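**Q** Letter by letter, the sequence shown follows residues 466 to 1026 in my numbering. We treat Cβ as the ideally placed atom computed from N, Cα and C, and that holds for glycine. Since we're looking at a predicted model, the values are computed, not measured.
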Amino acid sequence: MSTATHEVFNQSTPLVDVNLFGANRPLREALQRLHPGYDRARFEAMGAELGSAAMQQHARLANLHTPTLHAHDRFGRRIDQVEFHPSYHALMESALRHRLHAAPWAEGPGGHIERAAAFMLFTELEPSVLCPVSMTYAVTPALRATPVFDDWFGKLGDSRYDPRFVPFTQKTALTMGMGMTEKQGGSDVRANTTRAVFDGDDAWGRRFALTGHKWFMSAPMCDAFLVLAQTDAGLGCFFMPRLLPDGRVNAIHIQRLKDKLGNKANASSEVEFAEATAWLIGEEGRGVRQILEMGAMTRLDCALGTAGLMRGALSLALHHCAERETFGKRLIEQPMMKNVLADLALESEAATLLALRLAAAVDRTEHGAAAEGHETRNGNDSHEAVMRRLLTPIAKFWVCKRGSHFAQEAMECLGGNGYVEADGDGVMARIYREMPLNSIWEGAANIQALDLLRVLKGRAVEDALMAEIAPARGAHPALERAAARVSARIHAAGDEAQARLLARDIALLLQAALVKDSGDAVFDAFCASRLDGAADVFGALPSGTHFDAIIQRAMPAAAAL
Ligand SMILES: Cc1cc2nc3c(=O)[nH]c(=O)nc-3n(C[C@H](O)[C@H](O)[C@H](O)COP(=O)(O)OP(=O)(O)OC[C@H]3O[C@@H](n4cnc5c(N)ncnc54)[C@H](O)[C@@H]3O)c2cc1C
466 MSTATHEVFN QSTPLVDVNL FGANRPLREA LQRLHPGYDR ARFEAMGAEL
516 GSAAMQQHAR LANLHTPTLH AHDRFGRRID QVEFHPSYHA LMESALRHRL
566 HAAPWAEGPG GHIERAAAFM LFTELEPSVL CPVSMTYAVT PALRATPVFD
616 DWFGKLGDSR YDPRFVPFTQ KTALTMGMGM TEKQGGSDVR ANTTRAVFDG
666 DDAWGRRFAL TGHKWFMSAP MCDAFLVLAQ TDAGLGCFFM PRLLPDGRVN
716 AIHIQRLKDK LGNKANASSE VEFAEATAWL IGEEGRGVRQ ILEMGAMTRL
766 DCALGTAGLM RGALSLALHH CAERETFGKR LIEQPMMKNV LADLALESEA
816 ATLLALRLAA AVDRTEHGAA AEGHETRNGN DSHEAVMRRL LTPIAKFWVC
866 KRGSHFAQEA MECLGGNGYV EADGDGVMAR IYREMPLNSI WEGAANIQAL
916 DLLRVLKGRA VEDALMAEIA PARGAHPALE RAAARVSARI HAAGDEAQAR
966 LLARDIALLL QAALVKDSGD AVFDAFCASR LDGAADVFGA LPSGTHFDAI
1016 IQRAMPAAAA L
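(1) By the three-class DSSP mapping on this structure, what secondary structure does Leu819 have?
(2) Looking at the structure shown, is Ala887 part of a helix, part of a strand, or coil, going by DSSP?
(3) What separation, rounded to the nearest whole angstrom, lies between the Cα atoms of Asp989 and Thr1010?
(4) Check whether the Cβ of Asp504 lies closer than 7 Å to any heavy atom of ligand 1, and answer yes or no.
(5) Taking Cβ to Cβ, would you say Val987 is nearer than 8 Å to Leu811?
(6) Examine chain C for any beta-carbon lying closer than 8 Å to the beta-carbon of His563, and answer yes or no.
(7) Do you know offhand how far Asp666's Cα is from Leu745's?
(8) Kindly provide the ranges of any beta strand (DSSP E) runs that are 3 or more residues long and lie completely inside the segment 719 to 765, ordered along the chain.
(9) With hydrogens ignored, establish whether the beta-carbon of Thr646 is closer than 7 Å to any heavy atom of ligand 1.
(10) Cβ of Ala716 within 8 Å of Cβ of Glu749?
(11) Under DSSP, the beta strand (DSSP E) around Cys702 begins and ends at which residues?
(12) Excluding sequence positions up to five away, which residues of its chain have a Cβ less than 7 Å from the Cβ of Phe673?
(13) Between Leu590 and the rest of its own chain, which residues show a CB-CB distance below 6 Å, the 5 nearest in sequence each way excluded?
(14) Where does the unbroken alpha helix (DSSP H) through Met585 begin, and where does it stop?
(15) Expressed to the nearest angstrom, what Euclidean distance is found between the alpha-carbon atoms of Phe1012 and Lys803?
(16) Mapping DSSP to helix, strand and coil, what is Phe991?
(17) Which first and last residues belong to the alpha helix (DSSP H) in which Ser523 is found?
(18) Excluding the five sequence neighbours on either side, which residues of its own chain have a C-beta within less than 7 Å of the C-beta of Ser517, listed in chain order?
(19) Hey, out of Leu529, Arg954 and Trp863, whose CA is closest to Lys922's CA?
(20) Does the contact criterion of 3 or more C-beta pairs under 8 Å hold for the segment 629 to 643 versus the segment 707 to 716?
(21) For Val714, does the three-state DSSP call read helix, strand or coil?
(22) Apart from the five residues just before and just after Glu840, which ones in its own chain have a Cβ nearer than 7 Å to its Cβ?
(23) Just the C-alpha distance for Gly644 and Ala1005, rounded to the nearest angstrom, thanks.
(24) Smallest Cα separation from Ser1036: which of Pro706, Lys723, Thr696 and Lys648?
(25) Which ranges does the alpha helix (DSSP H) cover as unbroken runs of at least 4 residues, wholly within the segment 925 to 959, from first to last along the chain?
(26) In whole angstroms, what is the alpha-carbon distance linking Asp538 and Ser734?
(27) Output the distance between the C-alpha atoms of Met714 and Ala972, rounded to the nearest integer angstrom.
(28) Just to confirm before moving on: does the CB-CB distance between Leu774 and Thr531 stay below 8 Å?
(29) Are three or more beta carbon pairs between the segment 556 to 564 and the segment 614 to 627 nearer than 8 Å?
(30) Within the same chain, show all residues whose beta-carbon is closer than 6 Å to that of Met641, passing over the 5 residues directly before and after it, in chain order.
(31) With a Cβ-Cβ cutoff of 8 Å, do Leu979 and Ala815 count as a contact?
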């Protein structure tokens, strides 16, 4: 006797076994423009792996079976170990094998650009394991020129992931984290109370004993951390390994793992230091400046990561709408849904380009623009340095701020299915829960807007900004109006209460100039919808927009318009 009550139909299929690189035309074109010599075969192989059903299963399992803290062994001795599901390790292995960590610092020109594109692709698969990967990438500028760096750098860039809790000399690859935030102050790190007491000199420089706590310290299984602590001369930045060079376990006590909204596969901890050993990095009293060398790089990754998540959410929305029918038509054919999808596609592409532009500025300043043959638009190398400084708060602020809004709309495209976790199979729900994080950590939006005010104190910024958008000048009247408004606002800058508006307008102006390379349909729609006052709702593109062209460009290869 048949027990079937109905046939399942008009439900979309899972978006699996898609080559994430092949499916992402905006990213491919941007990479080609910014770094024409990129290793295409590498990206094709990576895109296939990261989009595979097997890797998606690892992402599901790593988020379902969250990390567990083992603070003590069964005899009551502290062990401070975090246990992860095997799928977490599989994802970490893949991320390091694809050189998303410190490897680009040892590579030639273009290395940071390739890494940025690869980071975005990986984010579509699983963003939370990228937390320790990002911090390992980010630490180099803060750590270089120290004796520790000589011993650690080779292994920070090694592609052979090694999760063992053994001294650094015995490991293949090493990973690093950071501890700034304390209970009484996160953004205001000068309120840190952790004390550092001088303990002697050795081969790694000035050694201190640190006592205090950190309220957030992610990826506590990293091999070492940069942490802030007070010395007699003010805040210092310290290198704190989990295992000391002689093999003893350092006094870093993990109190608890955070119970977070998203970012489930990654462990974030509260820790206490009980005279933990650490070495001073940089000068006493200048710790904030020192650790922000690392913070600037993780801010880049916040923008890259959010752009990757946007792309992931967009692909799911496009795929679903191409397969689901309502009221006699596929959703993708319904006029209002076309408007929503095209608008999301514009946002996703503009986010991708802005984040990649910052990565290019990092690459060019690290290697020297002239050395790479990139003539800067105002004729000197400092253009890239100014853009790197300007784009860091701008991209972190704007791309991350748009993330949650974007995820909500993309989720709505899937209707009720978008809101369902389905034992970890609900990728859209996972993206939605992850989205706010990049906006909060490493300096929330207000902190980025305040940083922008600091950046704008130099007159060179306006010149660089205008040089940057010069290729798009005259192409759209809204862009001309926006450029004039931004110039006026920069001259009047200083009012903290207005800093978010300024950050938004600079971001939109830069994004408009960047999407000029994406074809007329994208450029015209972006300028018309965003430069004369940003619409507060997706799906408000004006009539006359080339919806089909924009959607077609964004379509993941697996789906059809
Ligand atoms: C999942 C997760 C992982 C994290 N991992 C780490 C880690 O590994 N290491 C680490 O050090 N930290 C980590 N953090 C902490 C994170 O960086 C901080 O939470 C963040 O910087 C904000 O600091 P806070 O929480 O103390 O908030 P506050 O500093 O109290 O800020 C609260 C709000 O006030 C705003 N604000 C602050 N000052 C001003 C001002 N002058 N004007 C206007 N607005 C202002 C901020 O923008 C923010 O919106 C993590 C956080 C999360 C959620």
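**A** From the atom records:
(1) Helix.
(2) Of the three classes helix, strand and coil, the one that applies to Ala887 here is coil, per DSSP.
(3) Cα to Cα, the separation comes out at about 8 Å.
(4) No, the Cβ of Asp504 stays beyond 7 Å of every heavy atom of ligand 1.
(5) For Val987 and Leu811, yes; Cβs fall inside 8 Å.
(6) The structure shown contains no chain C, having only a single protein chain.
(7) When rounded, the distance between both Cα atoms is 10 Å.
(8) Entirely contained in the segment 719 to 765, the beta strand (DSSP E) runs reaching 3 residues are, in chain order, 733 to 746.
(9) Result yes, Cβ under 7 Å from ligand 1.
(10) No; because the gap between Cβ atoms is not below 8 Å, this pair is not in contact.
(11) Annotation for Cys702: the continuous beta strand (DSSP E) segment containing it runs Gly699 to Pro706.
(12) In chain order, Ala661, Val662, Phe663, Asp664, Phe703, Ala743 and Leu745 place their CB closer than 7 Å to the CB of Phe673, counting only its own chain and leaving out the 5 sequence neighbours on each side.
(13) Non-local C-beta neighbours of Leu590 in its own chain, meaning closer than 6 Å and more than five positions away in sequence, comprise Leu515, Met520 and Ala524, ordered along the chain.
(14) Annotation: the continuous alpha helix (DSSP H) that includes Met585 extends over Gly576 to Leu590.
(15) Each residue's alpha carbon lies about 6 Å from the other.
(16) DSSP places Phe991 in helix when its eight states are reduced to three.
(17) Per the sequence shown, residue 523 should be read as His rather than Ser. Boundaries of the alpha helix (DSSP H) around His523: Ala518 to Leu529.
(18) Asp482, listed in sequence order.
(19) With respect to the C-alpha of Lys922, the residue from Leu529, Arg954 and Trp863 having the closest C-alpha is Arg954.
(20) Touching, yes.
(21) It is a strand residue.
(22) At Glu840 the pLDDT is 45, less than 50, meaning the model places this residue with poor confidence and gives no usable figure here.
(23) About 42 Å.
(24) In this structure the chain extends from 466 to 1026, so residue 1036 is not present and cannot be described.
(25) Annotation note: the segment 925 to 959 contains the following uninterrupted alpha helix (DSSP H) runs of length 4 or greater, listed N- to C-terminal: 925 to 934 and 942 to 956.
(26) CA-CA distance, Asp538 to Ser734, rounds to 18 Å.
(27) Met is not the amino acid found at residue 714; the sequence shown has Val there. Going from the Cα of Val714 to the Cα of Ala972 covers about 46 Å.
(28) The answer is no: Cβ separation not under 8 Å.
(29) Segments in contact, yes.
(30) Cβ within range, chain order: Met600, Thr601, Val604, Cys687 and Ala689.
(31) Less than 8 Å divides the Cβ of Leu979 from the Cβ of Ala815.
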